[in-house]
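First the structure, in the form of C-alpha cells, and then the observations on it.
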Amino acid sequence: MIKYQLQCVNEHQFEGWFQSGDAFDTQKKRGFVECPVCQSNKVDRAIMAPSVARTDKEIAASLPVPQEPDWISTGAEAAVLSDEMIELRERLAELRDEMIKNAEDVGGNFAEEARRIHFGEAEKRQIYGHTSIDEVQELLEEGISILPLPPGRDVGH
Ligand SMILES: [Zn+2]
Numbered sequence: 086m087i088k089y090q091l092q093c094v095n096e097h098q099f100e101g102w103f104q105s106g107d108a109f110d111t112q113k114k115r116g117f118v119e120c121p122v123c124q125s126n127k128v129d130r131a132i133m134a135p136s137v138a139r140t141d142k143e144i145a146a147s148l149p150v151p152q153e154p155d156w157i158s159t160g161a162e163a164a165v166l167s168d169e170m171i172e173l174r175e176r177l178a179e180l181r182d183e184m185i186k187n188a189e190d191v192g193g194n195f196a197e198e199a200r201r202i203h204f205g206e207a208e209k210r211q212i213y214g215h216t217s218i219d220e221v222q223e224l225l226e227e228g229i230s231i232l233p234l235p236p237g238r239d240v241g242h
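Numbering-wise, the sequence shown is residues 86 to 242 according to the numbering used here.
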C-alpha cells in the first residue's frame, strides 16, 4: 500500500491509499478517485510543497482520515448523516411531546381560544391546535405568543 497526497481541480487536498502507483493511475482513469469535499473526480497527485496555504491546511484537518483503501466508494458519510437526521427527528418528536403534554387540544379553534386566553376571557392554560398562516400572522401582530409545533414521529419519510 502507498499513500498519496491528492488534490482535486478545486484545490482540495486529501489523502488516499492505493495498492500501487499503477492502481492509482487505473482508478483515476476510471473516475473512481473522488474528492471528499466537492466529489470532483478530476483529481491528481498533489505537488508536495514545504508550506501549505492556511486555508488548505484547515480543509485537510477537517477531512476524515481514510482507514481503509476502499473508503472512496463506501458511502459512509451518507450513513452518518442519516443517523444524525434520525436522532434529530427523535429529539424534535420529544420536544413536541413535551409541548403538548400539559396542553389542551383545541383543534381548529386555536386562534379564537388563544385570543380569549390572551384577553382574559378564558382560563389561562396551554393549548395547541391548528390554524392558518394568516391567523398566525395576526396573532403574532396582536402580541400573542405562539410557537409552531415540531413534527411528530409519524410525519414524512
Ligand atoms: Zn474538491
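No residue lacks a Cβ here, since even glycine has one placed at the ideal position from N, Cα and C. No experiment lies behind these values; they were computed from the predicted model shown.
Under the three-state DSSP convention, the category residue i falls into
{"i": "residue 204", "result": "coil"}
{"i": "residue 117", "result": "coil"}
{"i": "residue 222", "result": "helix"}
{"i": "residue 98", "result": "strand"}
{"i": "residue 229", "result": "coil"}
Any non-hydrogen atom of ligand 1 within 8 Å of residue i CB
{"i": "residue 95", "result": "yes"}
{"i": "residue 122", "result": "yes"}
Residues near residue i by beta carbon distance below 8 Å, same chain, minus five either side
{"i": "residue 95", "result": "120, 122, 123, 125"}
{"i": "residue 171", "result": "none"}
{"i": "residue 174", "result": "236, 238"}
Same chain, Cβ closer than 7 Å to residue i, neighbours up to 5 away in sequence not counted
{"i": "residue 216", "result": "195, 196"}
{"i": "residue 127", "result": "93, 94"}
For residue i: DSSP bridge partner residues
{"i": "residue 128", "result": "93"}
{"i": "residue 87", "result": "103"}
Contacting residues, own chain, Cβ-Cβ under 6 Å from residue i (five flanking each side not counted)
{"i": "residue 101", "result": "89, 91"}
{"i": "residue 188", "result": "211, 212, 213"}
Presumed contact (8 Å Cβ cut-off) between residue i and residue j, rounded CB distance
{"i": "residue 229", "j": "residue 199", "result": "5 Å"}
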